[in-house]
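Student: The opening position of the sequence shown corresponds to residue 1 in full-length UniProt numbering, with each subsequent residue numbered one higher.
Following this message is one structure expressed as structure tokens.
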Amino acid sequence: MPTPRVKSPLRQPLRRSTRNATANQEIKIETADHEQDHEQDPVEAVPVKRAARSRTAASPSPKKAKREPSSSPDAHRHKPVKIKDELAKAEALKDRKFKLFSATSRTSPFPDFPRPTPHECTIAHRILAHIHGERHRPEAIIAPTTSAGCGNSPSVLDALIRTILSQNTSNANSTRAKLSMDKEYGGCDKWAEIAHGGQARLQKAIQSGGLAAVKSKVIMGILDQIKDKYGVYSLDHLFRASDQDALQEMMSFPGVGPKTASCVLLFCLQRPSFAVDTHVYRITGLLGWRPGGATTREEAQAHLDAVMPDEEKYPLHLLLVTHGRRCEECKAGGKSGGKCKLRKVFKGGRFDAGAWAEIAEVVEGEGVKEEEVVEGELVKGNAVKQKVVKKEAAVKEEQE
Numbered sequence: 001m002p003t004p005r006v007k008s009p010l011r012q013p014l015r016r017s018t019r020n021a022t023a024n025q026e027i028k029i030e031t032a033d034h035e036q037d038h039e040q041d042p043v044e045a046v047p048v049k050r051a052a053r054s055r056t057a058a059s060p061s062p063k064k065a066k067r068e069p070s071s072s073p074d075a076h077r078h079k080p081v082k083i084k085d086e087l088a089k090a091e092a093l094k095d096r097k098f099k100l101f102s103a104t105s106r107t108s109p110f111p112d113f114p115r116p117t118p119h120e121c122t123i124a125h126r127i128l129a130h131i132h133g134e135r136h137r138p139e140a141i142i143a144p145t146t147s148a149g150c151g152n153s154p155s156v157l158d159a160l161i162r163t164i165l166s167q168n169t170s171n172a173n174s175t176r177a178k179l180s181m182d183k184e185y186g187g188c189d190k191w192a193e194i195a196h197g198g199q200a201r202l203q204k205a206i207q208s209g210g211l212a213a214v215k216s217k218v219i220m221g222i223l224d225q226i227k228d229k230y231g232v233y234s235l236d237h238l239f240r241a242s243d244q245d246a247l248q249e250m251m252s253f254p255g256v257g258p259k260t261a262s263c264v265l266l267f268c269l270q271r272p273s274f275a276v277d278t279h280v281y282r283i284t285g286l287l288g289w290r291p292g293g294a295t296t297r298e299e300a301q302a303h304l305d306a307v308m309p310d311e312e313k314y315p316l317h318l319l320l321v322t323h324g325r326r327c328e329e330c331k332a333g334g335k336s337g338g339k340c341k342l343r344k345v346f347k348g349g350r351f352d353a354g355a356w357a358e359i360a361e362v363v364e365g366e367g368v369k370e371e372e373v374v375e376g377e378l379v380k381g382n383a384v385k386q387k388v389v390k391k392e393a394a395v396k397e398e399q400e
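Put into structure tokens, the structure is as follows:
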């Protein structure tokens, strides 16, 4: 008697892994809450391609494997960059990043939120100038030779690169990176040498500044796009551009966000622009100058830049940054102890006219300190120590 056939179970289809379902992912560096220099800014998302996994679980034959290109990231790492593709990606990124700012140009994304008023800005300026010294815009911009700075350069491209180096790090670290880069390439503004030297060489040169792999890729991409578009390594044509056009072009580069572009606009191009870093974002929240909840730094910057008087943007940016670094009550994690004059006047995020009336007598009576940076001194560890000269302004006549 023949043995009955046993039907074999149906073969289950292989399941595809969804671990790498997205081919392009973005790296987003978050800004730390601890004390850092005012130049810090989260490095903008830079697309990083990852090779997709094989569609089937079966391994290809050895001969076929030899003919097919490797899917490992290393196999694609050294392929030449296609400038046209990079420019197309940059254009799409520019449209996405600039959408908020073009839609709210000179108008706030929060039209029903009126603060800060011009009067509140003036009061905060007077209090902070009394504590930390006044801040004046320099008559001429001179690029520092012993520090990285943040947009402090007469060259727009140099100002942009300096600001990128200062992202997500302290002034001391960004200075080490800048000095190391200048030494490696034989001076500052050696853009052709940097571009021809390749990313690996630049990454090694700026290693001491942190996030060297990301920043070197950003810098190389900027240099490639500028040279391909203009034929020279220069962005000085932005001196003749409108504020919006200058912001839009700078934000077209991957790795350059609203805060970085605003710093170059404020310090290099000498335009009225209010950059919001982690210190400014934190303190303006304490003062009640921006809506609470899920307000992002980009939204806060768009709002504050729209409602703040132009003449207050330069001094208040610098004074808020300085206060955020020095004031024990206004530092990250600080708690109100009743000593900070600024928090007294804006207690609970509301302007207290009575508290200001009391403090105004002290501010007017003691005068305003005039603080001026006169020299940059290189000290141990390549950190930069600024010598400061303070002068007492003649606010009150002497009593005989």
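Glycine residues also receive a C-beta, built at the ideal position from the N, C-alpha and C atoms.
Treat the numbers as computed from the prediction; the structure is a model and nothing was measured.
With DSSP as the reference, label residue 298 as helix, strand or coil.
Tutor: Residue 298 falls in the helix class under three-state DSSP.
Student: Over the uninterrupted alpha helix (DSSP H) stretch that includes residue 158, give me the two end residues.
Tutor: Taken as a continuous stretch (DSSP letters only), the alpha helix (DSSP H) holding residue 158 covers 156-165.
Student: Quick one: using the 10 Å Cβ neighbour count with 16 as the cut-off for buried, is residue 114 buried or exposed?
Tutor: With fewer than 16 Cβ atoms within 10 Å of its Cβ, residue 114 is classed as exposed.
Student: Just to confirm my understanding: we take residue 234, look at its own chain, exclude 5 residues before and 5 after, and list those with CB closer than 8 Å. What are they?
Tutor: Closer than 8 Å at the Cβ level, and outside the excluded window around residue 234, lie 155, 156, 157, 226.
Student: Reducing DSSP to helix, strand and coil, say where residue 134 ends up.
Tutor: Of the three classes helix, strand and coil, the one that applies to residue 134 here is strand, per DSSP.
Student: Residue 232: buried (16+ other C-beta within 10 angstroms of its C-beta) or exposed?
Tutor: Per the 10 Å Cβ criterion, exposed.
Student: At which residue ranges does the stretch 246-334 contain complete alpha helix (DSSP H) runs of 4 or more residues, listed in the order of the chain?
Tutor: Here the runs fully enclosed are 258-263, 278-287, 297-307, 310-326.
Student: Pull up the distance between the alpha-carbon of residue 207 and that of residue 177, whole angstroms please.
Tutor: Taking the straight line joining both Cα atoms gives about 7 Å.
Student: Specify, as a first and last residue, the run of the alpha helix (DSSP H) that residue 180 falls within.
Tutor: Taken as a continuous stretch (DSSP letters only), the alpha helix (DSSP H) holding residue 180 covers 171-185.
Student: Assuming contact is defined by CB atoms lying nearer than 7 Å, are residue 199 and residue 216 in contact in what I supplied?
Tutor: Contact: yes.
Student: Residue 119: buried (16+ other C-beta within 10 angstroms of its C-beta) or exposed?
Tutor: Answer is exposed; the Cβ neighbour count stays below 16.
Student: Thinking C-beta only, is residue 175 closer than 7 Å to residue 264?
Tutor: No, the Cβ-Cβ distance between residue 264 and residue 175 is not below 7 Å.
Student: Let me confirm a value: residue 196 is counted as buried when at least 16 other C-beta atoms fall within 10 Å, else exposed. Which label applies?
Tutor: That one is exposed.
Student: With DSSP as the reference, label residue 230 as helix, strand or coil.
Tutor: Note: residue 230 maps to helix in three-state DSSP.
Student: When we look at the beta-carbon of residue 359 and count the other beta-carbons within 10 Å, is it buried (16 or more) or exposed?
Tutor: When all chains shown are included, residue 359 counts as buried.
Student: Mind reading off the beta-carbon distance from residue 124 to residue 342? Whole number of angstroms is fine, and I expect it under 8 Å.
Tutor: Going by Cβ atoms, the distance from residue 124 to residue 342 rounds to 7 Å, so yes, they are a contact pair.
Student: Give me the residue from 192, 131, 121 with the minimum Cα distance to residue 323.
Tutor: Here the closest residue by C-alpha is 131.
Student: Would you give the residue range spanned by the alpha helix (DSSP H) that residue 197 belongs to?
Tutor: Element bounds for residue 197: 191-197.
Student: In whole angstroms, what is the alpha-carbon distance linking residue 110 and residue 276?
Tutor: Those two C-alpha atoms are separated by around 16 Å.
Student: Can you grab the Cα-Cα spacing for the pair residue 320 / residue 261, in whole Å?
Tutor: Cα-Cα distance, rounded: 19 Å.
Student: In this structure, does DSSP put residue 64 in helix, strand or coil?
Tutor: Unreliable placement is indicated for residue 64, whose pLDDT of 42 sits below 50; no coordinate value is reported for it.
Student: Got a sec? Which residues, its chain only, sit under 8 Å from residue 185 by beta carbon, not counting five neighbours each side?
Tutor: Closer than 8 Å at Cβ, skipping near neighbours: 193, 194, 197, 205.
Student: Below 8 Å on the Cβ atoms is my guess for residue 300 versus residue 281; work out the distance and round it to an integer in Å.
Tutor: Indeed they touch by this definition, with Cβ atoms about 6 Å apart.
Student: Suppose contacts are defined by Cβ-Cβ distances below 7 Å. Is residue 151 in contact with residue 268 by that definition?
Tutor: Yes, the Cβ-Cβ distance between residue 151 and residue 268 is below 7 Å.
Student: Just to confirm the assignment, what range does the alpha helix (DSSP H) spanning residue 343 have?
Tutor: Counting along the chain, the alpha helix (DSSP H) containing residue 343 begins and ends at 341-345.
Student: Please confirm whether residue 159 and residue 166 have their CB atoms less than 7 Å apart.
Tutor: No, these two residues do not count as a Cβ contact at 7 Å.
Student: Alpha carbon to alpha carbon, how far is residue 136 from residue 179? Give it in angstroms, no decimals.
Tutor: Roughly 27 Å separates the two Cα atoms.
Student: Please report the Cβ distance between residue 344 and residue 332, rounded to the nearest whole angstrom; I am assuming they are in contact, meaning their Cβ atoms lie under 8 Å.
Tutor: Not confirmed; about 20 Å, so no contact.
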